[in-house]
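Residues in the sequence shown are numbered consecutively from 1, following full-length UniProt numbering.
Built from N, CA and C at the ideal position, the CB exists for glycine as well.
These notes are about the structure you will find just below.
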Amino acid sequence: MGSYSEISYGVESYKLESINIDYVSKYVRFLILSSSDKSQTLSTVSPFAIYKGITGIGGEPKAVRKLKSGDFLIETYTSTQTKSFLFAETLLAIPISVIPHKSLNSVRGVISETELLTASDSDILEGFASQGVIHAHRIHIKKGTESCPTRHIILTFNKTELPKSVIAGYLHCRIRPYVPNPTRCYKCQRFGHSKVACRGKQVCSRCALEGHSFTDCHAEPKCANCAQPHESNSKQCPTWHQEKQIQKLKVTKNISYVEARKLCPPTTTPSFAAIVKESKSIQTTEKFTQTDASITGLFCSVSKTTVSTLTDDNICRVTRPPKKKKSNQISVIVQSNENAATSNTHFNNSDNTLAQVKPRILCSSPQSINADR
Numbered sequence: 001m002g003s004y005s006e007i008s009y010g011v012e013s014y015k016l017e018s019i020n021i022d023y024v025s026k027y028v029r030f031l032i033l034s035s036s037d038k039s040q041t042l043s044t045v046s047p048f049a050i051y052k053g054i055t056g057i058g059g060e061p062k063a064v065r066k067l068k069s070g071d072f073l074i075e076t077y078t079s080t081q082t083k084s085f086l087f088a089e090t091l092l093a094i095p096i097s098v099i100p101h102k103s104l105n106s107v108r109g110v111i112s113e114t115e116l117l118t119a120s121d122s123d124i125l126e127g128f129a130s131q132g133v134i135h136a137h138r139i140h141i142k143k144g145t146e147s148c149p150t151r152h153i154i155l156t157f158n159k160t161e162l163p164k165s166v167i168a169g170y171l172h173c174r175i176r177p178y179v180p181n182p183t184r185c186y187k188c189q190r191f192g193h194s195k196v197a198c199r200g201k202q203v204c205s206r207c208a209l210e211g212h213s214f215t216d217c218h219a220e221p222k223c224a225n226c227a228q229p230h231e232s233n234s235k236q237c238p239t240w241h242q243e244k245q246i247q248k249l250k251v252t253k254n255i256s257y258v259e260a261r262k263l264c265p266p267t268t269t270p271s272f273a274a275i276v277k278e279s280k281s282i283q284t285t286e287k288f289t290q291t292d293a294s295i296t297g298l299f300c301s302v303s304k305t306t307v308s309t310l311t312d313d314n315i316c317r318v319t320r321p322p323k324k325k326k327s328n329q330i331s332v333i334v335q336s337n338e339n340a341a342t343s344n345t346h347f348n349n350s351d352n353t354l355a356q357v358k359p360r361i362l363c364s365s366p367q368s369i370n371a372d373r
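Have a look at this one:
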């Protein structure tokens, strides 16, 4: 393998003719090793044998990891080690191909300069080539049917760390990380892959139903990702904002999409019925407040009725016994002692007298005792 003609960086891809491996190996540190013969795969080979074969090609690498596709991601230490792997053609008698990873070997940033509006992409690339820029792309926006250029330019560097600035003649251009929009499949409307790699069914981006396209759909909008009443391509979608956060983590930490997705917590999307119910409760709360005259009057009238009922004299006489005065109780005790002393002298002759006195002392009310006295 002496050269390759096309490299893809993220969403964009561009062609470079007859790239010299000596130049590529200066900045490439991540390689993809795969079998070039479909009849002979590396998945059936022992991990010990594969690692030994990789070490025999270019020495012990910095890291080796098997991907879900069955390919191997190799991270090298030096340019010499990278060059050895790029020249490799077989591994354990199995034909292989080794190419640079499409995104881990580069980093993208954005500059915004009005004075570069008249410069073409090729002129910008040529001017920044000595500073490690390998691709330049101006961002365009649509105004009606026209595509208008902006002052924002995406620069791709052959580095793993983004520089803080670049020099454009007499201009000192500050660089900020470029965070791409989430990749949404135009077939199944899901995020994280493109239409080319989709294995799902055709889903309408307007109504989220299967079997037809949005061009012939006139149904009510419904998102295929969050089930809310908007189209699947809306940037108001909470799932879209979550995917945007995943892209930001992927760029800032220079990790894969799968790793960035694990770091980003999932968002709980409420259903449409829950949103309607919540809005109704908010409206009810705003309508009936503590300062509302009708509500205040209602509670005040109930309180007055309750108080007047509880203070009714009839209820008080039934539920609450009359209070006894301590002075009356003392008089009862003194009177009973005197009666007991008087009747004790005639105890043997008149037992009925004592029997009549005791019930009078124990059972009489304070009012009757005072009357007797």
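Here's the rule I'm using: 16 or more other beta-carbon atoms within 10 Å means buried, otherwise exposed. How should H135 be labelled? buried
Extent of the continuous beta strand (DSSP E) run through I153: E146 to F157
Which residue comes first and which comes last in the beta strand (DSSP E) that contains L42? It is not in any beta strand (DSSP E) - L42 carries neither H nor E in the DSSP assignment.
Do residue 375 and Y178 have their C-beta atoms within less than 9 Å of each other? Since the displayed the chain opens at 1 and closes at 373, residue 375 lies outside it and no answer follows.
Would you kindly report the start and end of the unbroken alpha helix (DSSP H) that includes F48? P47 to G58
Nearest CA to the CA of I96: which residue from D71, T80 and V110? D71
Residues near C217 in its chain [Cβ-Cβ closer than 6 Å; skip 5 each side]: C204, R206 and C207
For G59, tell me which candidate among T82, S43 and T160 has the shortest Cα-Cα distance. T82
Classify N20 as buried or exposed, calling it buried when 16 or more other Cβ atoms lie within 10 Å of its own Cβ. exposed
Hey, which unbroken runs of the alpha helix (DSSP H) at 4 residues or more fall wholly within the region 74–127? 79–86
Can you confirm whether the region 26–37 touches the region 97–104 when touching is taken to mean that 3 or more C-beta pairs between the two stretches lie within less than 8 Å? yes
Bridge partners of K66, per DSSP? F72
Excluding the 5 residues flanking K159 on each side, which residues of the same chain have their C-beta closer than 8 Å to its C-beta? Y27, S106, V107 and G132
To the nearest angstrom, how far is it from the Cα of K187 to the Cα of I175? 35 Å
Beta carbon of H137, beta carbon of I154: below 9 Å? yes
As a quick exercise: from I111, L91 and T78, pick the residue whose alpha carbon is nearest that of Y51. L91
Helix, strand or coil: how does DSSP classify I141 here? strand
Separation of S232 from K38, as counted between CA atoms: 37 Å
Just to confirm before moving on: does the CB-CB distance between H152 and S112 stay below 9 Å? yes
Residues in the same chain with beta-carbon distance under 6 Å from C198, minus the five sequence neighbours each way, listed in chain order, please. C185, K187 and C188
Per DSSP, H135 is paired with what? T156
Return the first residue and the last residue of the alpha helix (DSSP H) that I246 is part of. P238 to K253
Chain-order list of residues whose beta-carbon lies under 8 Å from that of P163 (same chain, five-residue window excluded): G109, Q131, G132, F157 and I175
If you draw a straight line from the C-alpha of E243 to the C-alpha of L67, how long is it? 22 Å
Compute every distance between the C-beta of Y27 and the non-hydrogen atoms of the ligand NAP, then say whether any falls below 8 Å. This structure does not include the ligand NAP; it has no bound ligands of any sort.
For the beta strand (DSSP E) containing A224, name the first residue and the last one. Taken as a continuous stretch (DSSP letters only), A224 belongs to no beta strand (DSSP E), as it is neither H nor E.
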